[in-house]
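The structure appears below as structure tokens.
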Amino acid sequence: EAGVAQSPRYKIIEKRQSVAFWCNPISGHATLYWYQQILGQGPKLLIQFQNNGVVDDSQLPKDRFSAERLKGVDSTLKIQPAKLEDSAVYLCASSLGTGGYEQFFGPGTRLTVL
Amino acid sequence: KQEVTQIPAALSVPEGENLVLNCSFTDSAIYNLQWFRQDPGKGLTSLLLIQSSQREQTSGRLNASLDKSSGRSTLYIAASQPGDSATYLCAVRSNTGNQFYFGTGTSLTVIP
Numbered sequence: 001e002a003g004v005a006q007s008p009r010y011k012i013i014e015k016r017q018s019v020a021f022w023c024n025p026i027s028g029h030a031t032l033y034w035y036q037q038i039l040g041q042g043p044k045l046l047i048q049f050q051n052n053g054v055v056d057d058s059q060l061p062k063d064r065f066s067a068e069r070l071k072g073v074d075s076t077l078k079i080q081p082a083k084l085e086d087s088a089v090y091l092c093a094s095s096l097g098t099g100g101y102e103q104f105f106g107p108g109t110r111l112t113v114l
Numbered sequence: 115k116q117e118v119t120q121i122p123a124a125l126s127v128p129e130g131e132n133l134v135l136n137c138s139f140t141d142s143a144i145y146n147l148q149w150f151r152q153d154p155g156k157g158l159t160s161l162l163l164i165q166s167s168q169r170e171q172t173s174g175r176l177n178a179s180l181d182k183s184s185g186r187s188t189l190y191i192a193a194s195q196p197g198d199s200a201t202y203l204c205a206v207r208s209n210t211g212n213q214f215y216f217g218t219g220t221s222l223t224v225i226p
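Listed in order, the protein sequences are those of chains L and G.
Counting from 1, position 11 in the first sequence corresponds to residue 11 in our numbering; the numbering is continuous, with no gaps.
When you read off a place in the second sequence, starting at 1, and then add 114, the result is the number in our numbering.
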């Protein structure tokens, strides 16, 4: 079974530029998560989708971050414009559903903002 | 809001030792608790998932316990090996809002 795919793996941009990350979850997984992991910290949930609807985006900085999951499969996370403090690893995860299901993570995208 | 704490932040042990990693959480209203391993520059690998109704789960040399009433979980690693060196993270899933909350991790080094 293929795991969660993410691209790109690495991205370096200058502040005020825009960047987008892509995630393809495990086939059949209805729930998709985007996390931000700053160096030395645990992952922080940014947004959670159930199919193509948003379940929780309370910690998403909506003035600069946006995410979508068209057709309930792939998802894109965008930052526009980027700030220095956005430098982090962006992790995508998926699970069969909400509730007691196990999460599976992709390899992450390491973003460096100069 | 759920707070998840992992102590110690770093641990170094000689190969072959048994060890225990700790995770504590402030709100017992959880669906489950999941332990992960993270290697440098990599994503998270799921190790064990314990549902709120369970007391423990085992996989190979790993055993995780859950005491929901006291807000604690432990991950026991038997006969540690250098390949076990990684950061270990625990995450709890709240059943009020479905959010996952992560600890900051324990960085484990197993010395050959």
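Cβ atoms here follow ideal geometry from the backbone N, Cα and C, with glycine treated the same way.
Just so it is clear, the structure is predicted and the values come from calculations on it, not from any experiment.
Own chain residues within Cβ distance below 6 Å of residue i, not counting five before or after
i                        : result
lysine 78 of chain L     : Ala20, Ser66
threonine 192 of chain L : The structure shown does not extend to residue 192 of chain L, since chain L is modelled only from 1 to 114, so the question has no answer here.
glutamine 17 of chain L  : Ala82
proline 25 of chain L    : Val4, Leu32, Ser94
Endpoints, beta strand (DSSP E) assigned at residue i
i                         : result
valine 118 of chain G     : 118-121
glutamine 50 of chain L   : 44-50
tyrosine 101 of chain L   : No beta strand (DSSP E) holds tyrosine 101 of chain L; DSSP gives it neither H nor E.
proline 226 of chain G    : No beta strand (DSSP E) holds proline 226 of chain G; DSSP gives it neither H nor E.
aspartate 181 of chain G  : 176-181
arginine 9 of chain L     : Arginine 9 of chain L -> no beta strand (DSSP E), and no H or E assigned at all.
lysine 78 of chain L      : 75-79
isoleucine 164 of chain G : 158-165
Check whether residue i and residue j have beta carbons under 8 Å apart
i                        : j                           : result
alanine 5 of chain L     : glycine 108 of chain L      : no
glutamine 286 of chain G : glycine 100 of chain L      : The question about residue 286 of chain G has no answer, for chain G in this structure spans 115 to 226.
leucine 70 of chain L    : phenylalanine 49 of chain L : no
glycine 28 of chain L    : asparagine 52 of chain L    : no
glutamine 152 of chain G : leucine 222 of chain G      : no
tryptophan 34 of chain L : tyrosine 90 of chain L      : yes
Where residue i meets chain L, residues with beta-carbon distance less than 8 Å
i                         : result
asparagine 212 of chain G : Gln48, Val55, Asp56, Thr98, Gly99
leucine 203 of chain G    : Gly42, Pro43
Under 9 Å by beta carbon: chain L residues contacting residue i
i                        : result
threonine 218 of chain G : Gly40, Gln41, Gly42
Interface partners of residue i on chain G, CB under 7 Å
i                            : result
phenylalanine 105 of chain L : Gly157, Leu158
Neighbouring residues, chain G, relative to residue i (Cβ below 8 Å)
i                       : result
leucine 91 of chain L   : Gly157, Leu158
glycine 108 of chain L  : Lys156, Gly157
glutamate 85 of chain L : Residues of chain G passing the Cβ test: none, with the nearest at roughly 18 Å.
Proximity test, Cβ basis, 8 Å: residue i and chain A
i                     : result
glycine 72 of chain L : In the structure shown, chain A cannot be found, because the protein chains are L and G.
Close Cβ partners of residue i (< 8 Å) along its chain, the five nearest in sequence each way excluded
i                        : result
threonine 188 of chain G : Val134, Leu135, Asn136, Cys137, Ala178, Ser179
leucine 158 of chain G   : Phe150, Arg151, Gln152, Leu203
Cβ neighbours of residue i in the same chain (closer than 7 Å, five flanking residues each side left out)
i                      : result
glycine 217 of chain G : Val118, Thr119, Gln120, Cys137, Leu203, Cys204
Contacts of residue i in chain G (Cβ-Cβ under 9 Å)
i                        : result
glutamate 102 of chain L : Asn146, Gln148, Ser160, Leu163
Chain L contacts made by the region 137-170 of chain G, where a contact means CB separation under 7 Å: Flagged, chain order: Tyr145, Asn146, Gln148, Lys156, Gly157, Leu158, Ser160, Leu163, Gln165.
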